[in-house]
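There are 4 protein chains.
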Amino acid sequence: MDMQATLDEIAEAVGPQIGSGVVAEYIPRLAAVNPDQFGMSVVMNDGSSYGVGDFEVPFSIQSISKVFTLVLALQASGDAIWDRVGREPSGAAFNSLAQLEFKRGIPRNPFMNAGALVVTDHLLGVSGTDANPLLDLLRTESGNPEIRPDALVSTSEAGHSDRNRSIAYLLSSFGNLRNEVGAVLDRYFDQCAISMSCAELASAGAFLSRGGVRADGTELISPLQAKRVNAVMLTAGFYDAAAEFAYRVGLPGKSGVGGGILAIVPGKCSICVWAPGLDSAGNSLVGMAALDEFTSRTGWSVF
Amino acid sequence: MDMQATLDEIAEAVGPQIGSGVVAEYIPRLAAVNPDQFGMSVVMNDGSSYGVGDFEVPFSIQSISKVFTLVLALQASGDAIWDRVGREPSGAAFNSLAQLEFKRGIPRNPFMNAGALVVTDHLLGVSGTDANPLLDLLRTESGNPEIRPDALVSTSEAGHSDRNRSIAYLLSSFGNLRNEVGAVLDRYFDQCAISMSCAELASAGAFLSRGGVRADGTELISPLQAKRVNAVMLTAGFYDAAAEFAYRVGLPGKSGVGGGILAIVPGKCSICVWAPGLDSAGNSLVGMAALDEFTSRTGWSVF
Amino acid sequence: MDMQATLDEIAEAVGPQIGSGVVAEYIPRLAAVNPDQFGMSVVMNDGSSYGVGDFEVPFSIQSISKVFTLVLALQASGDAIWDRVGREPSGAAFNSLAQLEFKRGIPRNPFMNAGALVVTDHLLGVSGTDANPLLDLLRTESGNPEIRPDALVSTSEAGHSDRNRSIAYLLSSFGNLRNEVGAVLDRYFDQCAISMSCAELASAGAFLSRGGVRADGTELISPLQAKRVNAVMLTAGFYDAAAEFAYRVGLPGKSGVGGGILAIVPGKCSICVWAPGLDSAGNSLVGMAALDEFTSRTGWSVF
Amino acid sequence: MDMQATLDEIAEAVGPQIGSGVVAEYIPRLAAVNPDQFGMSVVMNDGSSYGVGDFEVPFSIQSISKVFTLVLALQASGDAIWDRVGREPSGAAFNSLAQLEFKRGIPRNPFMNAGALVVTDHLLGVSGTDANPLLDLLRTESGNPEIRPDALVSTSEAGHSDRNRSIAYLLSSFGNLRNEVGAVLDRYFDQCAISMSCAELASAGAFLSRGGVRADGTELISPLQAKRVNAVMLTAGFYDAAAEFAYRVGLPGKSGVGGGILAIVPGKCSICVWAPGLDSAGNSLVGMAALDEFTSRTGWSVF
């Protein structure tokens with residue numbers, strides 16, 4: 001298969017749709033992003049990589065960060081994280097409080113905001129506020145030591161965070177935050193505000209298609225752990241559209257409201273696609289279409 | 001009827017139960033209250049008043065304050081407050097977030113914590129942070145100008161307030177708080193922390209048995225408004241035990257986790273009873289029993 | 001007070017609204033009722049009675065029957081019925097299955113369809129299928145031995161009963177029906193299909209304003225039981241608009257989708273009003289307005 | 001890989017657990033099954049097949065039938081079935097009515113009882129009551145023309161069916177059943193009561209590992225449809241433990257309360273395992289353990 005040709009064809013196929021969807025508006029800084037952008041990168045397990053469109057333009061990774069924080073929590077503490085967060089699909093919007101209340105402070109899965117706050121709190125407890133293992137990981141795996149949060153996005157999130165504050169205080173009321181609420185939120189906003197390009201994200205996530213093996217050949221997490229992170233992505237990676245994505249595309253993946261999607265073909269490759277406009281479920285509209293094209297053209301899906 | 005004799009009989013009847021129930025533990029300062037206390041006061045519409053037991057001992061009025069803030073909001077703005085809060089029974093615990101989320105930030109009624117926060121925010125908007133119309137009202141109607149919040153209780157509430165903070169930020173995320181979240185919470189904690197005795201509370205609430213008429217004969221709210229506040233108390237005054245109280249006792253009333261209950265016999269009298277131990281629904285166990293005795297002995301109920 | 005003059009004034013006041021609202025459509029026989037009808041009756045505790053408009057025209061009593069079956073169950077078995085049905089407001093539509101499932105087959109209150117089915121089952125168990133204590137009671141108290149179900153309405157209900165069948169089988173799955181499901185449903189449809197006029201219903205329900213005393217001076221239920229039935233009517237008599245009715249009108253009452261409402265002024269009188277058009281909550285639109293007028297003009301409410 | 005040796009090792013590994021779990025009790029006929037049985041079959045895409053233990057003993061396929069009825073509905077009508085049933089995980093027990101009510105009669109997915117009733121109704125509408133395409137398919141693909149429902153199981157289910165009747169009438173009340181309720185239920189009970197062995201079920205389901213291709217080489221459904229059925233099995237095949245199964249085992253599968261599980265390794269093989277004892281989520285306890293062993297030993301999972 002000529003992967004570069006495939007990406008070129010996908011870009012041409014989705015071209016007429018570029019600019020579709022609605023850019024996330026609840027974070028002012030994101031609302032100002034030019035919607036007419038589209039990029040896609042593929043990093044093969046053999047190390048070769050491909051890109052099309054705006055694949056080297058940085059964007060706000062937002063909830064895609066949740067995959068990496070989960071991986072770091074598993075690396076640091078193994079299955080202990082599952083005492084504090086479940087791994088069931090939510091069947092509800094990403095920021096639902098009702099479920100959290102019903103479950104007495106145990107979030108349904110690590111990819112809902114509540115679950116990611118718990119994972120963030122867990123990592124803070126393991127590494128302390130001075131260390132930032134997420135930035136370390138992303139920089140090393142992507143090969144770009146300059147990766148960092150966009151301070152304006154982070155400030156913008158903090159200033160429009162009533163819902164996340166409500167969730168964090170509810171977690172705290174159930175005893176499922178161990179650090180100070182404000183410190184957890186600040187770290188969480190910083191993680192979501194990290195800027196990376198498609199090329200960088202596809203590289204950074206490639207260990208999930210390589211059974212947990214980092215770019216330098218060492219093991220970040222075990223093959224079983226990598227397989228299981230992929231399983232959680234498939235069942236819970238797209239808010240309440242996870243089953244729909246499994247049905248249409250059939251790949252583990254994780255989306256962010258910045259318009260990015262990281263998807264994994266286990267044993268084959270890591271993919272990142274980006275287009276800012278979102279569909280009604282909060283996932284990149286053109287990104288979903290591009291992944292649909294990708295699985296149709298390559299025949300690669302897990303099913 | 002010899003009301004003093006009736007109160008003495010009630011005190012004797014519930015005597016063996018005094019000390020029963022569980023003192024509210026989530027607010028440390030309240031948890032330290034001596035549970036073996038019981039007081040009851042009745043203020044008749046003719047101005048006569050009666051008391052038994054610890055009826056002159058101040059206690060933390062807690063959620064009973066919500067009746068008075070609702071009255072002040074109705075006085076200030078009429079039915080406008082109902083655009084921001086409903087008046088249906090909750091069918092759920094007093095601090096449920098699930099309902100609030102489902103209703104998109106409109107609390108079910110003004111006696112749930114969420115509803116009281118909205119009413120507090122409304123009053124702050126009307127009067128500003130410098131004025132305190134609640135203290136003014138309680139002082140004037142009770143005749144005690146020294147009534148004030150217990151600073152230790154207020155601080156204690158603020159320090160154990162994750163759940164209320166979660167509710168307040170959720171309200172704010174739906175645009176149903178207009179003042180700064182922290183300022184609304186501080187005022188709310190201060191209101192709940194006010195200390196009053198049974199005698200003072202029965203006097204302060206007597207306008208509700210007099211069709212809205214204050215102690216000095218002027219009208220605080222209209223007879224129709226007073227009737228309607230009584231209706232809201234009957235259907236929503238006891239968290240999720242409101243219908244149970246209507247069934248057993250049959251009077252409009254409002255309880256607080258400090259162990260106090262204010263009850264109204266429209267056209268006849270205002271009653272306040274206090275005993276710190278709570279039942280499983282969060283209402284004063286001995287207080288409920290005393291009111292049960294009261295309606296049995298007097299035959300006074302609204303039904 | 002000149003009660004006849006009051007009724008005449010009410011009829012004049014609501015006159016322009018007569019015909020408003022939507023006649024119940026899910027039962028074909030009811031959908032064919034002429035909407036331009038209005039009647040109202042009052043039976044005073046002194047035995048005098050008054051009427052205006054179509055107060056002698058029979059209509060389908062529907063859910064108003066639930067008050068009388070509850071009374072008969074209390075008469076037969078005392079508080080035992082409360083082991084099988086709660087007495088909390090539903091906070092949901094009258095035919096919700098979700099709550100019933102959550103509560104494992106214990107209906108929230110005896111006035112929801114599920115609760116009335118349990119009460120009907122209980123009465124069938126007490127009296128057997130040959131006896132019909134409901135008809136006996138209604139005939140004796142109203143003085144009309146010809147009262148009976150309208151066979152066409154009953155058949156019509158049975159033919160459009162998927163929802164009620166679903167509820168009944170769910171109750172049965174939780175073990176909360178003791179008779180055969182079909183037999184319970186048939187009896188339930190027959191009870192709802194009973195035809196009575198405002199004059200007859202006001203007479204039949206008057207024992208609730210007389211502390212449980214029948215027309216012949218004997219006690220049907222105790223004063224305490226009568227008071228408690230009134231309490232359940234106030235908190236649960238109007239589907240999810242019960243608190244709204246308490247707020248606006250302030251009387252215990254029970255509505256039916258045939259457009260009738262029975263309301264009680266404890267110690268004073270029994271009222272029945274009828275107009276076929278319903279509001280969005282399923283209560284008679286003009287009937288609610290007439291009761292609103294009634295309490296405004298008489299000043300009679302429980303609050 | 002020596003598949004027979006692998007199966008022998010698995011049987012030895014789970015041996016100590018055989019007999020664990022609780023046999024389904026709500027269907028008397030199933031409750032009488034000897035719990036100390038275990039069988040497992042694998043049918044490779046090259047046509048070879050393997051078995052261990054009681055792999056030729058027939059058992060009640062129960063909900064595994066739902067995979068085949070979904071396939072037949074897709075074959076007959078394509079995506080039209082998705083207008084009547086969703087494909088989201090339920091996040092709730094397999095027989096929940098609450099969700100069904102909230103979604104106004106559209107079941108969450110075709111593997112919940114409600115969804116399977118709708119699919120059954122759809123097939124009845126397509127084929128009529130005389131034809132039985134499900135039996136035709138199972139007989140042809142398994143090579144056993146004697147496959148049929150166990151009449152005693154079917155009768156037993158019909159006699160303990162209050163919950164399913166409740167669901168069916170609720171579907172009907174929302175207009176989402178087109179045939180007579182009793183006829184749909186009878187057909188549904190018959191489908192669940194079909195008896196097959198592990199060997200037969202693995203053969204019958206093998207088209208899902210072959211991209212929709214039947215044993216005779218013809219196409220039953222398209223490769224895309226087969227992939228999508230696999231996706232629905234992965235996200236919804238194990239009641240509210242679907243994500244857990246994806247996490248632990250990582251294969252599309254469908255369980256039944258008879259203790260059987262059908263699992264698919266796309267492109268490789270079809271697997272059926274059976275052991276009557278169930279875990280708390282209603283899935284075969286030993287069957288789950290055997291599949292866990294299978295993926296560990298073969299390294300075959302979709303992730």
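Top to bottom, those sequences are chains A, B, C and D.
The letter at position 16 of the first sequence is residue 16 when you use our numbering, and the numbering goes up by one with no holes.
The letter at position 211 of the second sequence is residue 211 when you use our numbering, and the numbering goes up by one with no holes.
The letter at position 11 of the third sequence is residue 11 when you use our numbering, and the numbering goes up by one with no holes.
The letter at position 237 of the fourth sequence is residue 237 when you use our numbering, and the numbering goes up by one with no holes.
Built from N, CA and C at the ideal position, the CB exists for glycine as well.
It should be emphasised that the depicted structure is a prediction, and the values quoted were computed from it without experimental measurement.
Query                                                                                                                   : Result
Meets three-Cβ-pair contact criterion under 8 Å: the region 34-49 of chain D and the region 106-125 of chain D          : no
Cross-strand partners of A/W274 (DSSP beta bridge)                                                                      : A/G39, A/G260
Proximal residues of chain A, C-beta to C-beta of D/F303 below 7 Å                                                      : K227, N230, A231, P252, P266, V302
Per-residue contacts from C/E101 into chain D (C-beta, under 8 Å)                                                       : S96, L97, A98
Interface positions of the region 157-183 of chain D facing chain C (Cβ-Cβ less than 7 Å), listed along the chain       : D162, R163, R165, S166, Y169, L170, S172, S173
CB contact check: C/P107 to chain B, cutoff 7 Å                                                                         : no
Chain A residues whose Cβ lies nearer than 8 Å to that of D/R297                                                        : Under the 8 Å cutoff, chain A gives no residues; its nearest Cβ is about 13 Å from D/R297.
C-beta neighbour in chain B for C/P28, strict 7 Å                                                                       : no
Straight-line Cα distance separating B/S156 from B/L185                                                                 : 13 Å
Distance between beta carbons of A/A226 and A/L208, contact taken as under 8 Å                                          : 5 Å
The region 10-20 of chain D / the region 281-290 of chain C touching (three or more Cβ pairs under 8 Å)                 : no
DSSP-derived helix/strand/coil call for D/M196                                                                          : strand
Contacting residues, own chain, Cβ-Cβ under 6 Å from C/P252 (five flanking each side not counted)                       : N230, M233, L234, I264
Integer-rounded CB distance, given that C/L262 should sit under 8 Å from C/I10                                          : C/I10 to C/L262, Cβ: 16 Å. No contact.
Counted within 10 angstroms of its Cβ, other Cβ atoms place C/T218 as buried (16 or more) or exposed                    : exposed
is_contact[C/A263, chain B] using C-beta, thresh 7 Å                                                                    : no
Length of the line joining the Cα atoms of A/G86 and A/I106                                                             : 7 Å
For A/L74 and A/D216, the rounded distance between their alpha carbons                                                  : 20 Å
Sufficient close CB pairs (3 or more, under 8 Å) joining the region 159-173 of chain C to the region 160-167 of chain D : yes
Cβ separation of A/D279 and A/G21, assumed to be a contact under 8 Å, to the nearest whole Å                            : 6 Å
Cβ neighbours of B/Q191 in the same chain (closer than 7 Å, five flanking residues each side left out)                  : S65, T69, T120, L134
Segment contact, 8 Å Cβ cut-off, at least three pairs: the region 193-207 of chain A with the region 194-214 of chain B : no
Where the beta strand (DSSP E) through C/V52 begins and ends                                                            : 49-53
Proximal residues, the region 66-85 of chain A versus chain D, C-beta separation under 8 Å                              : none
Beta-carbon neighbours of A/Y239, restricted to chain D and to distances below 7 Å                                      : Within chain D, no residue comes near A/Y239; the closest Cβ sits about 11 Å away, beyond 7 Å.
Check whether A/V23 and A/P276 have beta carbons under 7 Å apart                                                        : yes
Environment of D/S48 [buried if 16+ CB atoms lie within 10 Å]                                                           : exposed
Within-7 Å CB hit, A/P89 to chain D                                                                                     : yes
Complete runs of the alpha helix (DSSP H) confined to the region 148-186 of chain A [at least 4 residues]               : 151-158, 162-173
Chain A contact for D/A114 (CB, 7 Å cutoff)                                                                             : no
Three-way DSSP call (helix, strand, coil) for C/V265 in this model                                                      : strand
Residues that C/S60 bridges to, as DSSP identifies them                                                                 : C/S195
Alpha-carbon spacing of D/A183 relative to D/R29, whole angstroms                                                       : 22 Å
Burial state of D/D150 (16 or more Cβ within 10 Å)                                                                      : buried
Cβ pair D/P89, A/P89 closer than 7 Å                                                                                    : yes
B/G21 in three-state terms, based on DSSP                                                                               : coil
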